[in-house]
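**Student:** As they're listed, the protein sequences go chains G and W. If you want the working numbering, it's the 1-based position in the first sequence plus 353. If you want the working numbering, it's the 1-based position in the second sequence plus 3. Note that beta-carbon positions come from the ideal geometry of N, C-alpha and C, so glycine has one too. Fair warning: this is a prediction, and the values are worked out from it, not measured in the lab.
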Amino acid sequence: KAGVTQTPRYLIKTRGQQVTLSCSPISGHRSVSWYQQTPGQGLQFLFEYFSETQRNKGNFPGRFSGRQFSNSRSEMNVSTLELGDSALYLCASKQGASTEAFFGQGTRLTVV
Amino acid sequence: TQLLEQSPQFLSIQEGENLTVYCNSSSVFSSLQWYRQEPGEGPVLLVTVVTGGEVKKLKRLTFQFGDARKDSSLHITAAQPGDTGLYLCAGEAGNQFYFGTGTSLTVIP
């Protein structure tokens, strides 16, 4: 069974640009959550999607948005990038009622 | 808001020593997970504990969930260099995971 796949693995963007990250969950998993990880703040929850609907949202500005497709794949978009958005972005998938979340390898975003 | 506090934040020990990492909160969680993360990679799930007072063993790792489901501990016996990594606890509440601050463990050969 394939694990959670995130693309791209690495990304360098310029301040002010926008970026889209992709996450393909484990087959059969309908929940996808996104996290931002930085050395200073640790792992911060961005949002969770379940069956194409946003079910939970963390405390991030509106520049951070996401969506989920009918095949459970999810994308996360960040507009008007700031230097502080540089981080490892992780997605995790789980089955609807499962307590276990499985993470992808992450996308390392660097904003210059 | 950081709901889960881990201690210690950093730990450097010699191979063969024992160690315990703590994960504490004032909140009650329906379940608690422990992950290990290596640099540049995503966290890898080690264990899930669900019942208050539950103890789970994974080879040299022993995980315990507090009776009130507010805290947890991870004990490693005879640490090995392969145990090096960032250990994260995560509590589940309301379909959301709240991650701890992390414990960076270095095991010196």
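I need the boundaries of the beta strand (DSSP E) containing H78 of chain W, first residue and last residue.
**Tutor:** Per DSSP, the continuous beta strand (DSSP E) segment holding H78 of chain W begins and ends at 74-79.
**Student:** For chain G, check one thing: does any of its Cβ atoms lie closer than 9 Å to the Cβ of Q99 of chain W?
**Tutor:** yes
**Student:** Can you tell me which of the three DSSP states G94 of chain W falls into?
**Tutor:** DSSP places G94 of chain W in strand when its eight states are reduced to three.
**Student:** Whose CA, out of G:L441, G:K447, G:L364, lies closest to the CA of G395 of chain G?
**Tutor:** G:L441
**Student:** How big is the Cα-Cα spacing for R362 of chain G and G356 of chain G?
**Tutor:** The alpha-carbon of R362 of chain G is positioned some 15 Å away from that of G356 of chain G.
**Student:** Under 8 Å Cβ-Cβ, which residues of chain W neighbour G459 of chain G?
**Tutor:** G43, E44, G45
**Student:** Taking DSSP's pairing of strands, which residues face A440 of chain G in a bridge?
**Tutor:** G:L462
**Student:** Comparing the C-beta of F102 of chain W with each C-beta of chain G, is any distance below 9 Å?
**Tutor:** At least one beta carbon of chain G lies nearer than 9 Å to the beta carbon of F102 of chain W.
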